[in-house]
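Heads up, the thing below is written out as structure tokens.
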Amino acid sequence: MELFVLRHGHAEAEASSDSLRPLSATGAKEIAEIYSKCSDSLANVELILVSPYVRAQQTLSTLTDLSPHLQNVPQQTTTLLVPGASSMAIIDYLYTQATECSVGSILLVSHQPLVGTLVDSLCNLDPGCYRMGTAAMASIDADVVAAGCAELRWLRHP
């Protein structure tokens, strides 16, 4: 499986709850920058999984506005990708997508600390070894979707 892990762009600090914090203008620019660096790599994405939080949804909307291909890719909003979610739960879900649904390439749009722990867990990296700032994208290859069985191909920042 080919997996792309994208952290949402910079968000506004103020909102009535964390889940309602919107993407800032800076965040939208960050997403445009990361897309310009990674667009060719996303050409084979077959499924997009996104957090229900406003800033993640807006990150995905900004990304799909830039990409005719991604506009046509099925999207699923899931609480498996909220900030405090379990990296093992999303790994189990990805395993199911790869084995039972034959999905070969997935884009995840989520938050810290989940994006960092997910990359660390999949690739057997020391915790915190790589920084995933806002709008950072990691590309991961996994013949078997399980903790410690994947390889980090690259990590890019806007």
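Each residue of the sequence shown is one higher than the last, beginning at 1092 in our numbering. Backbone N, C-alpha and C define an ideal beta-carbon position, used for all residues, glycine too.
{"Check": "Selected residue, minimal CA-CA separation from Gly-1239, among Ala-1229, Val-1210, Met-1223", "Outcome": "Val-1210"}
{"Check": "As assigned by DSSP and simplified to three states, the class of Met-1092", "Outcome": "coil"}
{"Check": "For Asp-1217, the nearest candidate out of Glu-1121, Gly-1224, Thr-1208 (CA to CA)", "Outcome": "Thr-1208"}
{"Check": "Between the CA atoms of Glu-1103 and Glu-1137 - distance to the nearest angstrom", "Outcome": "30 Å"}
{"Check": "Cβ shell of Ala-1237 (< 6 Å), same chain only, five flanking positions each side left out", "Outcome": "none"}
{"Check": "Buried or exposed (CB count within 10 angstroms, at least 16 for buried), Met-1179", "Outcome": "exposed"}
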